[in-house]
Amino acid sequence: MTGEALRSERLRKVYTTRGGPSVEALAGVSMEVRRGERVALLGRNGAGKTTFLKIASTLLRPTSGSIEVFGHDVARNPDRARPYIAVVPQEGKPFFHLTPREQVYTYLRTRGLSRETAKARTEESLERMGLTEIADRLAITLSGGQRQRTMVATVIATEAPLLFLDEPSIGMDPFARRDVWESLRTLTQRGSTILLTTHYLDEAEALSHRLYIVERGEVLVSGTADDLKRSVGGTLKVTIPQGAVQVDAFRSFGACVADGEHLSVIVAPERIGELMDLAVRSRLTATVGPVTLEEAFLRVVGRSINEE
Amino acid sequence: MRSSDVVAPAPFRGLLAFLWTEALVQAHENLAMATSMVVQGVLLVFVWILSPGLIGVALVGAILFSMFAMGQRVLNEAAYIRIDHKANDLYLAGPLSPEAYFLGLSVGILVVYLTPVVILGVLAEVVIGFAPASVGLLLLLAAAVWLFAASLGYVFSTFFRDNRAIWAYSSLFFNAFGVLPPVFYPFGKFPTALQPIALLMPPSAAAALMQHAIGATALSLGQLELAVGGLLVETVSVFLFAIVWARRTVQGA
Chain A
799 MTGEALRSER LRKVYTTRGG PSVEALAGVS MEVRRGERVA LLGRNGAGKT
849 TFLKIASTLL RPTSGSIEVF GHDVARNPDR ARPYIAVVPQ EGKPFFHLTP
899 REQVYTYLRT RGLSRETAKA RTEESLERMG LTEIADRLAI TLSGGQRQRT
949 MVATVIATEA PLLFLDEPSI GMDPFARRDV WESLRTLTQR GSTILLTTHY
999 LDEAEALSHR LYIVERGEVL VSGTADDLKR SVGGTLKVTI PQGAVQVDAF
1049 RSFGACVADG EHLSVIVAPE RIGELMDLAV RSRLTATVGP VTLEEAFLRV
1099 VGRSINEE
Chain B
506 MRSSDVVAPA PFRGLLAFLW TEALVQAHEN LAMATSMVVQ GVLLVFVWIL
556 SPGLIGVALV GAILFSMFAM GQRVLNEAAY IRIDHKANDL YLAGPLSPEA
606 YFLGLSVGIL VVYLTPVVIL GVLAEVVIGF APASVGLLLL LAAAVWLFAA
656 SLGYVFSTFF RDNRAIWAYS SLFFNAFGVL PPVFYPFGKF PTALQPIALL
706 MPPSAAAALM QHAIGATALS LGQLELAVGG LLVETVSVFL FAIVWARRTV
756 QGA
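In the order they appear, the protein sequences are chains A and B. Reading the first sequence from the start, the letters are residues 799 to 1106 in the working numbering. Reading the second sequence from the start, the letters are residues 506 to 758 in the working numbering.
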């Protein structure tokens, strides 16, 4: 096996429809995920994240380029790659007429695990995801968040060498999201590798060793969350609710983003006193906080991650 | 990584486990589903009242068409899993082979709903009094009709993006294969000019062969050859195509 869990080179995917225009979903994506890493793909809707994950998980054929999972060519020899992977599909649901316990257990059995191992992993996974109390209720009676937890529990229980999770915590409450994060951290400590997509920037930051920001089918930037935040040009963000009208007065401090009357200024720590003085003299209120991935994303993509 | 969990790929890996999964799903579904499978049995009451002499023919037709209906259920189930649940992605992006997915799904449905057909079989035995060879023939024909319908259903299921569109086609199949051709009524009542067509449609071909076996219809040698040959060729070719198609469509058709 190679040192990387996943490697793609100039991966392209063009969707063609009868009578309609072609759509280039991936425009040459190159990336690598090292073994034991947790890597997040960040991007707006339609950026190409799910297409990449579907190709990587052997569910879609690329138009050109190459992609390997543990050294196995995913497009040419998907059968070789499949035993190494497990996937939480976007908007995937468990069988409504299985209980979470049955769903996880039977799934592990289809992957070839022995009865004893499947049973032990099922119980552990259900407990980790907080599903023990509802483990014997049919999924049709569960809430959307509980069903999503069942999907994640199913895939986590595989402890597959490479896990793909497409928006894994969507629809979950904050406690359940943290259960997911904790479970994924444990999995990588045990040697699994994780590639996930998410719309939650806090999730990407809290969970991933490295991030790829994708827009219009291209990787715009990659690195650690700290790398990306540093690239914004400062480590502090000053928020001035009525400051947009005086944006020119603040430009010398760093990058300014005006949104309606609201102004955000990215500033280095050594200039924060000077900036606050100016705000006070201008009779403006201002609050200081750390730069987040939101600012990094905005700087790189030019739009918010939630903007359609 | 649990490298010990990584299994080598094989053509039917995971078949029994996925069959068990699907059977569990079906077993948990409500009784209405099972009831729909015995609707032919209920309709036999009318035959019993209106034309008791045809009850044997109708029972054989009900058995064969119930098998067809169970095969057809694969169309709805496979499409539902793929479109509404995206659970096919969960299963196929793993060591479960595409062939095992298709067959596990089909047989999983079959084993749960087989009971009503067995009941029809017992009724037929009481009414007709099958010779041992006829029982064997009936089992073979029932298996062929089911395999044809399941294979056709699975292939068709991959073409749809909306579950509601499938209802129309299910109804079309039901009428084209079960109501119009001579499945529930004697083969001889079907217009002579159209009889070759009926012998090329698996459910009516199987019904004609069974009617011939129990003495309810007399087929010529040419008709027998057409029915047997057609049923064999169509069932095997549609099944093999479904196996190939199951693999091909994992990464998008």
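Glycine residues also receive a C-beta, built at the ideal position from the N, C-alpha and C atoms.
For B:Q728 and chain A, any beta-carbon pair shorter than 8 Å?
Not one chain A Cβ lies under 8 Å of B:Q728.
Quick one: give me the first and last residue of the beta strand (DSSP E) that A:A838 is part of.
Unbroken beta strand (DSSP E) run through A:A838: R836 to L840.
Going along chain B in order, which residues have a C-beta closer than 9 Å to the C-beta of A:F893?
T526, E527, L529, V530, H533, I586, H590 and A592, listed in chain order.
Any idea what DSSP makes of B:M506, helix, strand or coil?
Low confidence applies to B:M506: its pLDDT is 45, below 50, so where it sits in the model is not reliable enough to give any reading.
Given B:F517 as reference, the closest of B:F607, B:L625, B:R666 and B:T722 once Cα atoms are compared:
With distances taken between Cα atoms, B:F517 lies closest to B:F607.
Tell whether a beta-carbon distance below 8 Å holds between B:I713 and B:T722.
Note that residue 713 of chain B is Ala in the sequence shown, not Ile. Taking 8 Å as the cut-off, the Cβ atoms of B:A713 and B:T722 count as close.
Which residues of chain A have a Cβ atom closer than 7 Å to the Cβ of B:F523, listed in chain order?
Ordered by position in chain A, the residues that pass the 7 Å Cβ test against B:F523 are T908.
Can you check whether the C-beta of A:R859 is within less than 8 Å of a C-beta belonging to chain B?
Yes, A:R859 lies at the interface with chain B (some Cβ there is under 8 Å from its Cβ).
Find the residues of chain B that neighbour A:S864, judging by a C-beta separation of less than 7 Å, and give them in chain order.
Within 7 Å Cβ-Cβ: nothing; A:S864 doesn't reach chain B, min ~15 Å.
Examine chain B for any beta-carbon lying closer than 8 Å to the beta-carbon of A:A884, and answer yes or no.
Proximity of A:A884 to chain B, defined by a Cβ-Cβ separation below 8 Å, is satisfied.
Using 8 Å as the threshold, is the stretch 608–618 of chain B in touch with the stretch 519–527 of chain B, meaning 3 or more CB pairs across them?
Yes: at least three Cβ pairs fall under 8 Å.
Tell me whether the beta-carbon of B:Y690 lies closer than 8 Å to the beta-carbon of A:T908.
For the 8 Å CB-CB criterion, B:Y690 and A:T908 do not form a contact.
Taking just the CA atoms, how far does B:Q728 sit from A:D964?
Here the alpha carbon of A:D964 sits roughly 56 Å from the alpha carbon of B:Q728.
Let me confirm a value: A:L929 is counted as buried when at least 16 other C-beta atoms fall within 10 Å, else exposed. Which label applies?
Label assigned to A:L929: buried.
Does DSSP put B:P603 in a helix, a strand or coil?
Correct three-state label for B:P603: helix.
Span separating the alpha-carbon of A:A825 from that of A:Y813
C-alpha separation (whole angstroms): 12 Å.
Report yes or no: is there a C-beta of chain B within less than 8 Å of the C-beta of A:D1024?
Not flagged as an interface residue toward chain B: A:D1024, since no C-beta distance is shorter than 8 Å.
Runs of beta strand (DSSP E) lying entirely within the stretch 883–938 of chain A, each at least 3 residues, in chain order:
Along the length of the stretch 883–938 of chain A, whole beta strand (DSSP E) runs at least 3 residues long occupy 883–886, reported in chain order.
Under the rule that 16 or more other beta-carbon atoms within 10 Å means buried, what is B:W672, buried or exposed?
It counts as exposed.
Can you name the residues of chain B whose CB is closer than 7 Å to the CB of A:R878?
Ordered by position in chain B, the residues that pass the 7 Å Cβ test against A:R878 are P514.
Tell me the rounded alpha-carbon separation between B:L657 and B:L745.
About 11 Å.
Let me check one thing: in DSSP terms, what residues is A:F973 bridge-paired to?
Per DSSP, none; premise fails for A:F973.
With 16 other CB atoms within 10 Å as the buried threshold, where does B:H590 fall?
The residue is buried, with at least 16 neighbouring Cβ atoms inside 10 Å.
Where does B:V738 fall in DSSP's three states?
Three-state result, B:V738: helix.
Express the C-alpha separation of A:E925 and A:D1024 in angstroms, rounding to a whole number.
One C-alpha to the other measures close to 33 Å.
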